[in-house]
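Trainee: Structure incoming, see below.
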Amino acid sequence: MVSFHKVMGDQTRIKLLVLLAAEQPLSGQVLAERLGVKAPTISHHIAKLKEVSAVYERRDKNTIYYFLNEKSLKQHSEALFHVLNRGRSEVETMEKDNEKTQILQNFLLPNGLLKTIPAQRKKKLIIFEHIIKDLVIGKKYTEKEINEHIKKFHEDYATIRREFIINHFMYRENGIYELNPKEMWAK
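Numbered by full-length UniProt numbering, the letters in the sequence shown go through residues 1 to 187 in order.
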């Protein structure tokens, strides 16, 4: 992609592409005349454009005709937008990860214990996700096992256990707890 954009960063090459887009095929001699440059200059620029597949050539007897490779040009321009969109989503993911890390640092002691249960729902959900990260999806837990797990983080296991149910992190039936799939968790 970098090579393509380096090649496109030349005014003469852009003019060549414009001429080929307007009427193709054109020979090197015709391109030189229309742009007011010498044939070797056209050969140099065409070679660069061929390197990135922006143009292709066909020979007819002793004359080489040049064509615009529209498919390749379209792919290169779409590739740029693809990279930009992917980069945007990666930046958003990094920002979310940084925010989560900051919240965890603010609410957890160095030993892993929870200082307090956050009042703000968004922060609370991040803390709950952290607490259940070691639980296994599909495994059934007794209430006592869940309480013991929560006590590793905070003494108020009843409140946190209730929040797990309210926010769809877990499902409870007959005193047995099971982790829900992540798609069901409150966002």
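Cβ coordinates follow ideal geometry from the N, Cα and C atoms, glycine included.
Run the CB neighbour count on Lys48, radius 10 Å, all protein chains shown included, and call it buried at 16 or more, exposed below.
Mentor: Classification for Lys48: buried.
Trainee: Measure the CB-CB distance between Leu26 and Tyr65 and report whether it falls below 9 Å.
Mentor: yes
Trainee: Using a threshold of 9 Å, state whether the C-beta atoms of Leu35 and Ala54 are closer than that.
Mentor: Between Leu35 and Ala54, the CB-CB gap reaches or exceeds 9 Å.
Trainee: Would you mind reading off the limits of the alpha helix (DSSP H) that contains Val55?
Mentor: That residue, Val55, is in no alpha helix (DSSP H); its beta strand (DSSP E) goes Val55 to Asp60.
Trainee: Tell me whether the beta-carbon of Leu125 lies closer than 9 Å to the beta-carbon of Lys182.
Mentor: no
Trainee: Secondary structure at Leu113, three-state DSSP: helix, strand or coil?
Mentor: coil
Trainee: Using only the alpha-carbon positions, how far apart do Gly112 and Ile165 sit?
Mentor: 23 Å
Trainee: What do you get for Met170, buried or exposed, if any count of 16 or more other CB atoms within 10 angstroms of its CB means buried?
Mentor: buried
Trainee: So, helix, strand or coil for Lys122, using DSSP?
Mentor: helix
Trainee: Alpha carbon to alpha carbon, how far is Ile42 from Lys96?
Mentor: 51 Å
Trainee: To which residues does DSSP link Glu173 through a beta bridge?
Mentor: Beta-bridge pairing by DSSP links Glu173 to Ile176.
Trainee: Taking CB distances under 9 Å as the criterion, tell me whether Glu163 reaches chain B.
Mentor: Considering every chain present, this structure includes no chain B. It has just one protein chain.
Trainee: Determine, using beta carbons only, whether Leu104 and Ile127 come nearer to each other than 9 Å.
Mentor: yes
Trainee: Counting along the chain, where does the alpha helix (DSSP H) carrying Lys151 start and finish?
Mentor: Glu143 to Lys151
Trainee: When you compare only the Cα positions, how much space is there between Val83 and Asp60?
Mentor: 39 Å
Trainee: Would you tell me roughly how many angstroms separate the C-alpha atoms of Glu129 and Leu80, rounded to the nearest one?
Mentor: 36 Å
Trainee: If we count the other Cβ atoms within 10 Å of its Cβ and call it buried at 16 or more, is Asn69 buried or exposed?
Mentor: buried
Trainee: Give me the residue from Met184, Asp10, His5 and Phe67 with the minimum Cα distance to Val30.
Mentor: Phe67
Trainee: Pick from Lys123, Met1 and Lys140: whose alpha carbon is nearest that of Leu179?
Mentor: Lys140
Trainee: Since Arg161 and Asn147 should fall inside the 8 Å C-beta cutoff, what is the C-beta to C-beta distance between them, to a whole number of angstroms?
Mentor: 7 Å
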